[in-house]
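Participant:
Number of protein chains: 4
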Amino acid sequence: MSLPATHVVYVLTTGGTMEKVYSEQTGSVANVDTKIDRYLKLLRLPDCEVNVVPLMNKDSLEMTDADRVLILGMVRAILKENAPIVITHGTDTMVETGLYLQRALPELKQPVVLTGAMTPLGFEGSDGLQNLTESLIAAQLVRAGVYVAFHGAIYPVHRVRKDHKLGRFVGTDEARGRPD
Amino acid sequence: MSLPATHVVYVLTTGGTMEKVYSEQTGSVANVDTKIDRYLKLLRLPDCEVNVVPLMNKDSLEMTDADRVLILGMVRAILKENAPIVITHGTDTMVETGLYLQRALPELKQPVVLTGAMTPLGFEGSDGLQNLTESLIAAQLVRAGVYVAFHGAIYPVHRVRKDHKLGRFVGTDEARGRPD
Amino acid sequence: MSLPATHVVYVLTTGGTMEKVYSEQTGSVANVDTKIDRYLKLLRLPDCEVNVVPLMNKDSLEMTDADRVLILGMVRAILKENAPIVITHGTDTMVETGLYLQRALPELKQPVVLTGAMTPLGFEGSDGLQNLTESLIAAQLVRAGVYVAFHGAIYPVHRVRKDHKLGRFVGTDEARGRPD
Amino acid sequence: MSLPATHVVYVLTTGGTMEKVYSEQTGSVANVDTKIDRYLKLLRLPDCEVNVVPLMNKDSLEMTDADRVLILGMVRAILKENAPIVITHGTDTMVETGLYLQRALPELKQPVVLTGAMTPLGFEGSDGLQNLTESLIAAQLVRAGVYVAFHGAIYPVHRVRKDHKLGRFVGTDEARGRPD
């Protein structure tokens, strides 16, 4: 199999903790503006054309069915470009959105990799840039399908759940994204 | 295929720019002590047992045949654990070392992923943590073989060279690490 | 005038935004544990013995009269060491606490410098380490009295107020901490 | 004494370790372009108009008498603005330049504060931003005279020397910048 020397990846942003910012006015964190562009610039990706598509900026607990329809619509549109897609998303309903996409896209020809963060990009100890880096690599290497990339692991979306106590994702069985 | 819930990766460190430190006494950068442990701690890898094996700490231009024999010996020893290996290495002779390992290990059953950096870990604009993150993910996802992971791309070692003008690796043809 | 080669400064911590941490469980920021020690270690202060006294860890809007009595008591105790004091404090009632100390300590023989932050230490764009650095220098250079050190300015506490719209302190007249 | 609500400080840059950059081509650090502007932007100085004057970018061991004449000329020109001056400078001959300025400017009406760094701005463990922050505060607070600001201490230039073993400045007696 061969890829063009420069390959294309889409990053569809929907919000979640990864993109939260601290407000000096209110003393709280919230989803306001996308900040992924600023952090993607810290990565060197000379062979990769990364197209950021800022779709919405929501805490995933506030994500509605209508929002998921919107995400699916945008994923369908991007898939016409025949490129893998990374979706940044809040962790609380990431699997729900992923399963919805998996059901709606039975003939998927590209990887769709969901990722997010437990601590916002740019806060001390953030896992955001790590997860973003991993999902961009995973999107190049895994087979077509819907995945969650998080904390050094790649899970098919139907084999993962968020463990709220541990504050991370855990596989529901031992399967990972490695080709069989 | 299934992996155990916690998988094991070895990180064999040989030096290179990634591990260089700035000396206040001399005003220059050099390979002194390994510092990868400190940076690995910035990553969250709850499902991954990362075993760091600090073998040597050399600028890769000073690496000798004897050093490569040592690296091969350690790789052989680690492969008995049946785990993937990431090797951190200077960029100037990374491909040379990789090709040597590839020739010496025709029956390789695990991924061996070489990586390094153009700017030392912890210096402004460093690509070190990105490359380390990518190589740890790649080591889980690619088939058995010897690879270079760098700047968002994974190359089979026989299809990549360092471009000194560009200051990075470029594929010698279009092939990447994605399974055929 | 001469100081001993190594001088002593006390840092009395009371909380405020400077010390807030992001909680992955709740998705909010709050005062939990002191983190100033971790950030003081980023500064090189070879001639300075910095004694951190963690007194409380409160949002300054929740600070009570009883808390201020406690702060005053600790300041009195430290002043017996004949050393300058930096107090980290929430910005909303920093001036109130400072004026209370000024009234209660008419015979002050040392500088007492209040400081804080608009964004917590370790969050992108934080002003915390800057303000801490400035207050430690100011505590060495200004005359006895109560001051606010913030964003590159040193104000006598009776000549400053927080401007909530601007999100910083402004002088109520032109006076600064420079000796007359 | 009263200062205008917004005060002016000049930052005259001459190079030194503080401004060194790592070159990926050569694997060494050198003085190439000024980078102080980028780091000054990390500080919040709303009451302070900081005017950066990039004069030269030299390792201070390579600084010549002609360079010091140039520095003196620029200092004289800036003093006409009646504003304090921070001079960034390599540490090896910082005191030499400072003593030269002190002799040449017996009627100095403003503080002239020399500073620098042991590790370049933006390298792990750098003391550059700390020293820059401290010198900007010191320039507001000390009396007219020539000083070195470094690692939390402010020394009159005739009472300080670089200790090469310790890798920092030490006072030659106990005097500091605090007003008598």
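Chains as they are written, first to last, in the numbering used here: chain Z, 2 to 181; chain D, 2 to 181; chain S, 2 to 181; chain H, 2 to 181. Ideal placement from N, C-alpha and C gives every residue a C-beta, glycine not left out.
1. Look up Ile155 (chain H) in the DSSP assignment and give the residues it is bridged to.
2. Could you have a look at Gly126 (chain S) and say whether DSSP puts it in helix, strand or coil?
3. Going by alpha carbons, who is nearest to Thr134 (chain Z) out of Z:Lys59, Z:Val33, Z:Ser29 and Z:Lys42?
4. What is the rounded straight-line gap between the Cα of Leu71 (chain S) and the Cα of Ala105 (chain S)?
5. Thr27 (chain Z) to Met119 (chain S), Cα distance in whole Å?
6. Quick check on the DSSP output: the alpha helix (DSSP H) that includes Glu97 (chain H) runs from which residue to which?
7. Looking at the strands, I want to know which residues DSSP matches up with Leu88 (chain S).
8. Does the distance from the C-beta atom of Thr89 (chain S) to that of Met57 (chain S) stay below 7 Å?
9. So, with DSSP's three-state summary, where would you put Gly172 (chain S)?
10. Please state the DSSP three-state secondary structure of Asp66 (chain S).
11. Please name the residue or residues paired with Ser60 (chain D) in a DSSP beta bridge.
12. Please report how far the alpha carbon of Ile138 (chain S) lies from the alpha carbon of Asp60 (chain S), in whole angstroms.
13. For Leu62 (chain H), count neighbouring C-beta atoms within 10 Å of its own C-beta (all shown protein chains included) and say buried if the count is 16 or more, exposed if not.
14. Three-state secondary structure (DSSP) at Asp164 (chain H)?
15. Look at Val114 (chain H) and Tyr156 (chain H) and say whether their C-beta atoms are less than 7 Å apart.
16. Do the stretch 90-103 of chain H and the stretch 120-129 of chain H touch if we need at least three Cβ pairs shorter than 8 Å?
17. Using three-state DSSP, classify Glu108 (chain D) as helix, strand or coil.
18. Strictly under 7 Å for the Cβ-Cβ distance: is Gln111 (chain D) near chain Z by that measure?
19. According to DSSP, Pro1 (chain S) sits in a beta bridge with which residue or residues?
20. Looking at C-alpha atoms only, which residue of Z:Lys21, Z:His152 and Z:Tyr23 is the closest neighbour of His8 (chain D)?
21. Taking Val30 (chain Z) as part of the beta strand (DSSP E), name the residues at either end of that continuous run.
22. Less than 8 Å between the CB atoms is what I'm expecting for Thr116 (chain Z) and Ala150 (chain Z), so what's the real figure, rounded?
23. Under DSSP, the alpha helix (DSSP H) around Arg144 (chain S) begins and ends at which residues?
24. On a Cα-Cα basis, can you pick out the residue from Z:Val51, Z:Leu109 and Z:Val30 that is closest to Arg39 (chain Z)?
25. Please report the straight-line C-alpha distance between Glu20 (chain Z) and Gly91 (chain D), rounded to a whole angstrom.
26. Anything in chain C within Cβ reach of Val143 (chain S), meaning under 7 Å, just list it in chain order.
27. On a Cα-Cα basis, can you pick out the residue from S:Val10, S:Ser24 and S:Pro55 that is closest to Leu80 (chain S)?
28. What in chain H is Cβ-close to Asp128 (chain S), meaning under 7 Å?
29. So with CB distances below 8 Å, who are the chain Z contacts of Val30 (chain S)?
30. Measure from the alpha carbon of Leu109 (chain H) to the alpha carbon of each residue in H:Gln131, H:Asp128, H:Gly126 and H:Val76, then state which is nearest.
31. Looking at the C-beta of Phe170 (chain D), does it have a partner C-beta in chain H at a distance below 7 Å?
32. Going by the DSSP bridge assignment, what does Lys21 (chain H) pair with across the sheet?
33. So that I know if they touch, is there some Cβ in chain Z lying closer than 7 Å to that of Thr120 (chain S)?
34. Please report the straight-line C-alpha distance between Val158 (chain S) and Leu100 (chain S), rounded to a whole angstrom.
35. So that I know if they touch, is there some Cβ in chain S lying closer than 7 Å to that of Glu135 (chain H)?
36. Using a 10 Å radius around the Cβ and a threshold of 16 neighbouring Cβ atoms, would you call Leu167 (chain H) buried or exposed?
Facilitator: If we stick to the structure as given:
1. Within the fourth sequence, the letter at position 154 stands for residue 155 (chain H). Ile155 (chain H) pairs with H:Ala150.
2. Translated into the one-based positions of the third sequence, residue 126 (chain S) becomes position 125. Here Gly126 (chain S) sits in coil by DSSP.
3. Translated into positions along the first sequence, residue 134 (chain Z) becomes position 133. Taking only the C-alpha atoms, the option nearest Thr134 (chain Z) is Z:Lys42.
4. Within the third sequence, residue 71 (chain S) is the residue found at index 70, counting from 1. Within the third sequence, residue 105 (chain S) is the residue found at index 104, counting from 1. Their backbone Cα atoms lie some 13 Å apart in a straight line.
5. The sequence position of residue 27 (chain Z) within the first sequence is 26, counting from 1. The sequence position of residue 119 (chain S) within the third sequence is 118, counting from 1. Their backbone Cα atoms lie some 10 Å apart in a straight line.
6. If you number the fourth sequence from 1, residue 97 (chain H) lands on position 96. Where Glu97 (chain H) is concerned, the enclosing alpha helix (DSSP H) stretches over Met95 to Ala105.
7. The residue labelled residue 88 (chain S) in the question sits at position 87 within the third sequence. Reading the sequence as shown, one finds Ile at residue 88 (chain S) and not Leu. Answer by DSSP bridge pairing, in chain order: S:Leu13 and S:Leu115.
8. By 1-based counting over the third sequence, the position of residue 89 (chain S) is 88. By 1-based counting over the third sequence, the position of residue 57 (chain S) is 56. Using a Cβ distance threshold of 7 Å, Thr89 (chain S) and Met57 (chain S) do not count as a contacting pair.
9. Locating residue 172 (chain S) in the third sequence gives position 171, counting from the first residue. Reduced to three states, the DSSP call for Gly172 (chain S) is strand.
10. Here residue 66 (chain S) is taken as the residue at index 65 of the third sequence, counted from 1. In the structure shown, Asp66 (chain S) sits in a helix (DSSP, three-state: H, G or I).
11. Here residue 60 (chain D) refers to the residue found at position 59 when the second sequence is read from its first residue. Position check: residue 60 (chain D) holds Asp in this sequence, whereas Ser was assumed. In DSSP, Asp60 (chain D) forms no bridge with anything.
12. Taking the third sequence and counting its residues from 1, the one referred to as residue 138 (chain S) is at position 137. Taking the third sequence and counting its residues from 1, the one referred to as residue 60 (chain S) is at position 59. Their Cα atoms are separated by approximately 25 Å.
13. As a position in the fourth sequence, residue 62 (chain H) is number 61, starting the count at 1. Leu62 (chain H) is exposed by the Cβ-count criterion.
14. The count along the fourth sequence starts at 1 and reaches residue 164 (chain H) at position 163. Strand.
15. Along the fourth sequence, one-based indexing puts residue 114 (chain H) at 113. Along the fourth sequence, one-based indexing puts residue 156 (chain H) at 155. In terms of Cβ geometry, Val114 (chain H) and Tyr156 (chain H) do not form a close pair [threshold 7 Å].
16. At 8 Å Cβ cutoff, the stretches do not touch.
17. Here residue 108 (chain D) is taken as the residue at index 107 of the second sequence, counted from 1. Looking at Glu108 (chain D) - three-state DSSP - the assignment turns out to be coil, as it is neither helix nor strand.
18. Taking the second sequence and counting its residues from 1, one reaches residue 111 (chain D) at position 110. With 7 Å as the cut-off, Gln111 (chain D) does not count as an interface residue toward chain Z.
19. Since the first residue shown for chain S is 2 and the last is 181, residue 1 (chain S) is missing from the structure and cannot be characterised.
20. The residue you call residue 8 (chain D) lines up with position 7 of the second sequence. Per the Cα distances, Z:His152.
21. As a first step, residue 30 (chain Z) is located in the first sequence; it is residue number 29 there, counting from the start. Unbroken beta strand (DSSP E) run through Val30 (chain Z): Val30 to Asn32.
22. The sequence position of residue 116 (chain Z) within the first sequence is 115, counting from 1. The sequence position of residue 150 (chain Z) within the first sequence is 149, counting from 1. Confirmed, about 5 Å.
23. By one-based count along the third sequence, residue 144 (chain S) stands at place 143. Arg144 (chain S) -> no alpha helix (DSSP H), and no H or E assigned at all.
24. Your numbering for residue 39 (chain Z) matches position 38 in the first sequence. Nearest C-alpha to Arg39 (chain Z): Z:Val51.
25. By one-based count along the first sequence, residue 20 (chain Z) stands at place 19. By one-based count along the second sequence, residue 91 (chain D) stands at place 90. Looking at the two C-alpha atoms, the distance is approximately 35 Å.
26. Looking at the structure shown, chain C is missing, and the protein chains on hand are Z, D, S and H.
27. Locating residue 80 (chain S) in the third sequence gives position 79, counting from the first residue. For the residues S:Val10, S:Ser24 and S:Pro55, the minimum Cα distance to Leu80 (chain S) belongs to S:Val10.
28. For the purposes of this step, residue 128 (chain S) is identified with residue 127 of the third sequence, where counting begins at 1. Simply Arg45.
29. Walking along the third sequence from the start, residue 30 (chain S) turns up at place 29. Counting only Cβ-Cβ distances below 8 Å, Val30 (chain S) has contacts in chain Z at Tyr23, Gly28, Ser29 and Val30, in chain order.
30. Looking up residue 109 (chain H) in the fourth sequence gives position 108. Out of H:Gln131, H:Asp128, H:Gly126 and H:Val76, H:Val76 has the C-alpha closest to the C-alpha of Leu109 (chain H).
31. Residue mapping note: residue 170 (chain D) aligns to position 169 of the second sequence, counting from 1. Between Phe170 (chain D) and chain H, the shortest Cβ-Cβ separation is not below 7 Å.
32. Counting from one through the fourth sequence, the residue named residue 21 (chain H) turns up at place 20. DSSP, once it has assigned bridges, lists H:Asn32 as partnering Lys21 (chain H).
33. The residue given as residue 120 (chain S) occupies position 119 in the third sequence. Yes, because at least one Cβ of chain Z sits closer than 7 Å to the Cβ of Thr120 (chain S).
34. Along the third sequence, read from residue 1 onward, the residue named residue 158 (chain S) stands at position 157. Along the third sequence, read from residue 1 onward, the residue named residue 100 (chain S) stands at position 99. If I take the Cα positions, the gap works out to 6 Å.
35. One-based indexing of the fourth sequence puts residue 135 (chain H) at position 134. So, interface residue.
36. Here residue 167 (chain H) refers to the residue found at position 166 when the fourth sequence is read from its first residue. An exposed status is given to Leu167 (chain H), since fewer than 16 other beta-carbon atoms sit within 10 Å of its beta-carbon.
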